[in-house]
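Following: one structure in structure tokens, then a few remarks.
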Amino acid sequence: MTKVEKLENEVQQLNSDELAAFRDWFRRYDSDEWDKEIERDVSAGRLDKLAQEAIAAHKAGRTREI
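So the mapping is simple: the numbering used here equals the position in the sequence shown, first residue as 1, plus 783.
Okay, here's the thing in structure tokens:
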């Protein structure tokens with residue numbers, strides 16, 4: 784049995800309060816991990832090209848206010 788399968792089994796055994804607490808924890812954890820990934824990508828310059836393209840599109844009038 785893989786770690787994921789073990790976790791799935793454990794999660795299925797949680798009562799509703801425990802499941803709600805787990806959901807809250809996982810949302811925070813996942814969000815924090817996503818933020819860290821974005822920060823690493825920014826630091827490594829992986830988003831520079833996209834930013835330059837967006838700025839160029841805006842300057843060329845190809846954007847709209849949302």
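We treat Cβ as the ideally placed atom computed from N, Cα and C, and that holds for glycine.
How is the alpha helix (DSSP H) around residue 834 delimited, first residue to last?
For the purposes of this step, residue 834 is taken as the residue at position 51 of the sequence shown. Residues 831 to 842.
Span of the alpha helix (DSSP H) holding residue 795?
Locating residue 795 in the sequence shown gives position 12, counting from the first residue. It spans 786 to 795 - the alpha helix (DSSP H) in which residue 795 sits, taken as one unbroken run.
Please report the straight-line C-alpha distance between residue 799 and residue 805, rounded to a whole angstrom.
The sequence position of residue 799 within the sequence shown is 16, counting from 1. The sequence position of residue 805 within the sequence shown is 22, counting from 1. Using only the alpha carbons, I get a separation of about 10 Å.
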